[in-house]
DNA sequence: TGTACTTCCTCTAGTGACTGGAGGTTCAAG
DNA sequence: CTTGAACCTCCAGTCACTAGAGGAAGTACA
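Chains as they are written, first to last, in full-length UniProt numbering: chain A, 1 to 139; chain B, 1 to 139.
Here's what the structure looks like:
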């Protein structure tokens with residue numbers, strides 16, 4: 001079973017151009033070609049591409065995905081590193097969440113400060129955007 | 001009172017190179033220069049730069065900041081637009097938060113699936129990263 | 001087999017919002 | 001007047017793609 005780049009794109013949910021980009025970056029290996037120079041992929045490529053896609057969806061940076069791909073190429077190594085990557089990513093997601101929560105509070109305050117029927121000159125929203133002193137904390 | 005670019009940088013918490021970039025992009029106006037061609041800024045520039053910085057910290061895209069800066073140049077206009085920008089940003093922050101929450105749950109599941117003392121070959125973390133089917137929902 | 005139509009190819013450049021470095025000049029303190 | 005930090009311009013690089021030009025290959029149907 002072989003796939004054209006378009007098939008692969010549909011199956012994995014990754015754009016055609018992005019697949020070519022991944023190949024160029026060495027994230028997937030250069031596939032076979034037809035006589036007419038078109039790429040033909042196999043199941044393995046699909047799996048690998050899905051792995052990458054899923055990792056990206058989970059917010060992993062490409063560097064982490066590279067590490068994980070490298071790891072999966074060495075099945076006899078201990079898996080501490082894979083574990084670490086997952087935990088690191090979890091921590092950074094939690095960080096981002098709490099940062100965004102602070103932001104949310106800030107923006108709520110700012111958005112609520114506008115009663116609606118006045119002009120820019122005395123708009124509290126603009127003042128609030130301009131002045132960090134009004135904020136409760138850091139963001 | 002005038003500031004060198006370094007002074008301004010410290011006062012506003014924006015890097016020197018970034019200030020020059022903002023000038024190039026027209027976000028701040030080209031400042032006066034000394035005889036030796038060095039930039040000299042005033043209080044107005046500092047205010048404007050702080051406005052930009054604060055907006056960025058609040059997660060606004062540059063396009064929104066541009067809009068707000070334009071608005072504040074027309075003090076007699078109604079301020080609906082400033083209000084709208086704040087509300088839009090609030091909605092998008094909330095979106096991002098709930099997206100990250102789903103991610104967090106996913107990563108928790110993945111990170112917990114590794115008991116620690118085995119090899120890559122049977123590592124559930126790697127399997128989990130590779131397989132979206134294991135996930136509870138979208139991310 | 002012909003023809004249309006879609007998909008594919010490479011190559012280059014652009015995105016956003018900066019960041020970094022090279023190579024040289026100016027400023028301010030002592 | 002000297003020293004050393006700060007400044008100047010210009011260019012390239014970052015990340016992870018995305019878009020477009022200009023042309024070739026594959027495929028479905030008559």
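Using N, Cα and C, we set each Cβ at its ideal position, and we do this for glycine too.
- From the beta-carbon of residue 41 of chain B, no residue of chain A is found nearer than 9 Å; the closest lies around 17 Å away.
- Take the alpha-carbon of residue 13 of chain A and the one of residue 6 of chain A: they are about 10 Å apart.
- Annotation: Cβ neighbours of residue 106 of chain A in chain B (cutoff 8 Å, chain order): 58.
- The beta carbon of residue 2 of chain B lies closer than 8 Å to those of 32, 40, 41 and 42 in the same chain, with the five residues before and after it left out.
- About 15 Å separates the CB atoms of residue 65 of chain A and residue 45 of chain A; that is not less than 8 Å, and the two are not in contact.
- The beta-carbon of residue 36 of chain A is placed no less than 8 Å from the nearest beta-carbon of chain B.
- By a beta-carbon distance limit of 8 Å, residue 90 of chain B contacts residue 108 of chain A. Their separation comes to about 6 Å.
- DSSP places residue 54 of chain A inside the alpha helix (DSSP H), whose first and last residues are 43-57.
- Within 7 Å of the CB of residue 29 of chain B, no CB atom of chain A is found; the nearest one sits about 17 Å away.
- Ranking B:4, B:56 and B:92 by CA distance to the CA of residue 36 of chain B puts B:4 first.
- For the pair residue 73 of chain A and residue 17 of chain A, the Cα-to-Cα distance works out to about 26 Å.
- At a C-beta separation below 9 Å, residue 51 of chain A has these neighbours in chain B: 126, 129, 130 and 131.
- From the beta-carbon of residue 96 of chain B, the residues of chain A found nearer than 7 Å are 100.
- Rounded to whole angstroms, the Cβ separation of residue 54 of chain A and residue 129 of chain B is 6 Å, and the two are in contact under 8 Å.
- Flagged as an interface residue toward chain B: residue 87 of chain A, by a C-beta distance shorter than 8 Å.
- When DSSP states are grouped into helix, strand and coil, residue 90 of chain A belongs to the helix group.
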